[in-house]
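Everything on this sheet refers to the single structure shown next.
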Amino acid sequence: MSSIESTGRQGVTHYQSFTAKSQSWLDLAAGIDAEVAQYFMVSARCGCFMQAARSLNVKASLLRKHLAQLEDQLQRTLFKFQGSALTLSSDGQQLQAQLIALVHERKLPVIEQPVIRLAVAETILHDILGRDLVSLLRRNASVRLDIISLDSELSLQAISADVVVWLADTDSPLPGPSFATSEPQRLARLDYLPHIAKRYSRVAARPDSLDDLADFMLVQWQQDRQVEHFLPWNSVVDQRLAGVVQLHSYELMLEMIRCSACIGLLPHYMSRFDRGLVALPGLFSPPMQRQVWMAVNADSRHEAGAKMIVELIHNTFEERREWFEG
Numbered sequence: 080m081s082s083i084e085s086t087g088r089q090g091v092t093h094y095q096s097f098t099a100k101s102q103s104w105l106d107l108a109a110g111i112d113a114e115v116a117q118y119f120m121v122s123a124r125c126g127c128f129m130q131a132a133r134s135l136n137v138k139a140s141l142l143r144k145h146l147a148q149l150e151d152q153l154q155r156t157l158f159k160f161q162g163s164a165l166t167l168s169s170d171g172q173q174l175q176a177q178l179i180a181l182v183h184e185r186k187l188p189v190i191e192q193p194v195i196r197l198a199v200a201e202t203i204l205h206d207i208l209g210r211d212l213v214s215l216l217r218r219n220a221s222v223r224l225d226i227i228s229l230d231s232e233l234s235l236q237a238i239s240a241d242v243v244v245w246l247a248d249t250d251s252p253l254p255g256p257s258f259a260t261s262e263p264q265r266l267a268r269l270d271y272l273p274h275i276a277k278r279y280s281r282v283a284a285r286p287d288s289l290d291d292l293a294d295f296m297l298v299q300w301q302q303d304r305q306v307e308h309f310l311p312w313n314s315v316v317d318q319r320l321a322g323v324v325q326l327h328s329y330e331l332m333l334e335m336i337r338c339s340a341c342i343g344l345l346p347h348y349m350s351r352f353d354r355g356l357v358a359l360p361g362l363f364s365p366p367m368q369r370q371v372w373m374a375v376n377a378d379s380r381h382e383a384g385a386k387m388i389v390e391l392i393h394n395t396f397e398e399r400r401e402w403f404e405g
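Mapping the sequence shown onto our numbering, position 292 (from 1) lands on 371, and the numbers just tick up by one.
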């Protein structure tokens with residue numbers, strides 16, 4: 080046998096041995112826990128442990144712990160850092176290919192997240208719940224959330240949702256959603272007062288009677304025109320022959336009050352939401368009030384997603400309890 084043939088056979092033998100060893104540890108891929116395999120695949124796809132944890136709705140420390148255990152189980156380093164970028168090692172790339180092949184072979188279905196439909200009064204969504212909903216999405220990037228803004232009684236009657244938060248004028252939750260719900264829960268009572276930006280009004284010059292309002296521009300959110308309990312304020316606005324702006328955008332109304340020396344009707348908690356605004360008490364009597372109510376769709380009350388949103392809403396209102404007192 081020639082030396083070339085001998086060397087060639089040794090090369091083939093060495094390659095077969097390497098392939099066999101490589102295949103032997105990859106054969107373990109079939110026995111990897113499905114959850115751990117998902118942690119690995121999502122981390123590989125995201126290129127970031129933190130983003131992978133958000134996508135999976137788990138703590139980053141738990142994710143890293145399971146991946147470290149996986150490396151110990153396989154006795155392979157699966158990830159490496161190139162600078163600040165997380166990438167797969169060569170062994171990690173082989174494992175990824177093996178897991179992809181197993182997924183295709185088994186035709187494993189993609190787990191579909193159920194849609195959670197949340198309908199919220201526009202002012203409550205903007206002022207109170209918005210920040211905590213953003214925090215929820217930061218923690219859980221896999222959630223499917225459909226947020227519906229309610230700007231009128233008509234929109235409340237027209238929607239269908241899993242969780243509904245709305246405003247009513249009296250101690251009764253009626254009119255409420257048009258579909259069957261759990262027993263409505265009252266979350267808070269809101270008093271409404273005219274507000275002005277601090278920087279545009281010295282304390283001594285702030286209006287303390289209805290006649291004093293004549294020196295100021297008034298702004299009104301159009302949806303408030305239909306609120307029965309706002310009749311004292313609406314009457315003042317309707318009598319204006321000049322110096323009044325009607326707006327269909329709640330955010331734009333807030334901006335005009337902040338930046339244009341305007342006076343507008345807002346919930347009494349607004350000075351806590353925006354320290355640059357100050358309430359003008361004593362202009363109207365009796366007080367203008369509304370109640371915040373929440374109910375859960377009768378068909379959704381046992382679903383995990385609906386329960387998660389209800390818990391978030393309860394926690395948000397409890398954390399801001401002082402906003403609604405006094």
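Ideal placement from N, C-alpha and C gives every residue a C-beta, glycine not left out.
#### Entry: Simplified DSSP assignment, three categories, for D225
strand
### Task
State the CB to CB distance for the pair A139 and A132, rounded to an integer number of angstroms; the pair is presumed to be in contact (CB under 8 Å).
4 Å
#### Entry: E404 Cβ short of 7 Å to the ligand GTP heavy atom set
This structure does not include the ligand GTP; it has no bound ligands of any sort.
### Task
Would you decide whether H393 is buried or exposed? Buried here means 16 or more other CB atoms lie within 10 Å of its CB.
exposed
### Task
Could you spell out the range, first to last residue, of the alpha helix (DSSP H) harbouring K386?
In the DSSP annotation of this structure, the continuous segment of the alpha helix (DSSP H) that includes K386 starts and ends at A383 to E398.
#### Entry: I195, DSSP secondary structure in three states
The answer is strand: DSSP assigns I195 an E or B state.
#### Entry: Contacts around S168, its chain only, beta-carbon distance under 7 Å, and the 5 residues preceding and following it disregarded
T156, L157, F158 and K159
### Query
Taking just the CA atoms, how far does D170 sit from P188?
Bear in mind that the predicted position of P188 carries a pLDDT of just 49, short of 50, making it too unreliable to give a figure here.
### Task
Determine the contact status of L229 and L391, defining contact as a CB-CB distance below 8 Å.
Contact flag unset, no.
#### Entry: Every unbroken beta strand (DSSP E) within the segment 356-383, with a cutoff of 3 residues, ordered by chain
356-358 and 367-375
### Message
Below 8 Å, how does it come out for the segment 370-378 and the segment 286-298: are there three or more Cβ pairs, yes or no?
### Response
no
### Query
When we look at the beta-carbon of K100 and count the other beta-carbons within 10 Å, is it buried (16 or more) or exposed?
Because K100 carries a pLDDT of 49, less than 50, the predicted location of this residue cannot be relied on, and the following value inherits that uncertainty. Result: exposed.
### Message
Is the beta carbon of L181 closer than 8 Å to that of A109?
### Response
Inclusion of A109 and L181 in the CB contact set at 8 Å is warranted, their separation being smaller than that value.
### Query
Does the beta-carbon distance from Q368 to L269 come in below 8 Å?
In this structure, the beta-carbon distance from Q368 to L269 falls below 8 Å.
### Query
Near F406, which residues of its chain fall below 8 Å by C-beta distance, leaving aside the five closest residues on each side in sequence?
Nothing in the structure corresponds to residue 406, since the chain is present only between 80 and 405.
### Query
CA-CA distance, I227 and E404?
28 Å
### Message
When you compare the segment 242-249 with the segment 319-336, are there three or more beta-carbon pairs, one atom per stretch, that lie closer than 8 Å?
### Response
no
### Query
Using the C-alpha atoms, what's the distance from Q325 back to V298?
6 Å
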